Every structure is written in structure tokens, then in C-alpha cells.
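**Q** Would you mind keeping the following structure in view while I ask a few things?
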Amino acid sequence: MRNGKILGIAYNVIPVKDIEVSAAWFVRHFGFNVRHQRDGYLSLFRGERPILDLIQSDNETRATFQVSQQKRWVITFYTDDITGLHQYLTSEHVKVGSISDEGKYGKFFVLEDLDGNLFDVWEHHDCELNF
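Each residue of the sequence shown is one higher than the last, beginning at 1 in the UniProt record's numbering.
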């Protein structure tokens, strides 16, 4: 008998207030493309790769949690140009934190979408991610 293995994360699901407005925001700022749209739900892809599924939520639940009374993210995006992305998002008035250089662990910053969902952005040139 073969045992299945987890091969990776297929996509992440986040709650949003308005699916159309949120999808347009992610497409504009990150170049994602919309697929599999149905009532109150759609998938955002980067090329052929699924990234996020947006689900229209009727409450204020967001993709965050707290540690020591500080909001934290549940999803980390990867970039190969953190400075360029940070500058672009700042120029677009996206809520972003400052870039933190953590040496051998890479560089990071946190951003917030229109609904208050938090995301971490990470750059690490020695990373072995396959896209």
C-alpha cells in the first residue's frame, strides 16, 4: 500500500468583504490573474500557479492572529526584488511596514490588503523555492 505525501501548499484561502474589489486590488498590485470565479469565491493565479483563493465573508474575520498583542500574518509571499516591490507598493499607497534585514534569514516587510489581512513579503537569494 502506498502512503500519500504532502507535496506542498496548493493555495491559501483568505476572507474579504467584496470579492470584486479585492480581486482587482490583487491583480493591480501583484499581477495575479483571476480564475474559477463563482458566487462569492474566486482563485488568483500567478501564471499557471494558484496563489490565493478569495472568499467573500459576511463578518469581520481576517487572516491574522496575535502574538503578545501584535497582529501577525498567516501567508508569506516571496519576491526576488524586495526593495523594488516595497517602493512600488508605497507609491501606490498600500499599507506596508519597513523592510527588515535579518541577515542569513533574508529581508522582510509586512503589508496589509484592503480588508486588513496581513501578508509577509520575503526575499532570500539562497532560497530553493521552485515556481
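In this text, a Cβ means the ideal position worked out from N, Cα and C, and glycines have one as well.
Since the model is a prediction, treat every value here as computed from it, not as a measurement.
Determine which residues share a DSSP beta bridge with residue 57 and list them.
**A** Reading the sequence shown from its first residue, position 57 is the one you call residue 57. According to DSSP, which records beta bridges pairwise, residue 57 is partnered with nothing at all.
**Q** Have a look at residue 118 and residue 72 and give me their C-alpha separation to the nearest angstrom.
**A** Looking up residue 118 in the sequence shown gives position 118. Looking up residue 72 in the sequence shown gives position 72. Distance between the alpha carbons of residue 118 and residue 72 is about 7 Å.
**Q** Cβ of residue 101 within 8 Å of Cβ of residue 110?
**A** Stepping through the sequence shown from its first residue, residue 101 is reached at position 101. Stepping through the sequence shown from its first residue, residue 110 is reached at position 110. No, these two residues do not count as a Cβ contact at 8 Å.
**Q** Please report the distance separating the alpha-carbon of residue 36 from that of residue 75.
**A** Within the sequence shown, the letter at position 36 stands for residue 36. Within the sequence shown, the letter at position 75 stands for residue 75. Answer to the nearest angstrom: the Cα atoms are 21 Å apart.
**Q** Taking one C-beta from the stretch 57-68 and one from the stretch 10-20 each time, how about it: are there three or more such pairs within less than 8 Å?
**A** yes
**Q** In whole angstroms, what separates the C-alpha of residue 46 from that of residue 33?
**A** In the sequence shown, residue 46 corresponds to position 46, counting from 1. In the sequence shown, residue 33 corresponds to position 33, counting from 1. Straight-line Cα distance between these residues: approximately 6 Å.
**Q** Considering just the uninterrupted stretch of the beta strand (DSSP E) at residue 70, what are its terminal residues?
**A** Here residue 70 corresponds to residue number 70 of the sequence shown, with the count starting at 1. Where residue 70 is concerned, the enclosing beta strand (DSSP E) stretches over 70-73.
**Q** Under the three-state reduction of DSSP, which class applies to residue 100: helix, strand or coil?
**A** Along the sequence shown, read from residue 1 onward, the residue named residue 100 stands at position 100. Three-state result, residue 100: strand.
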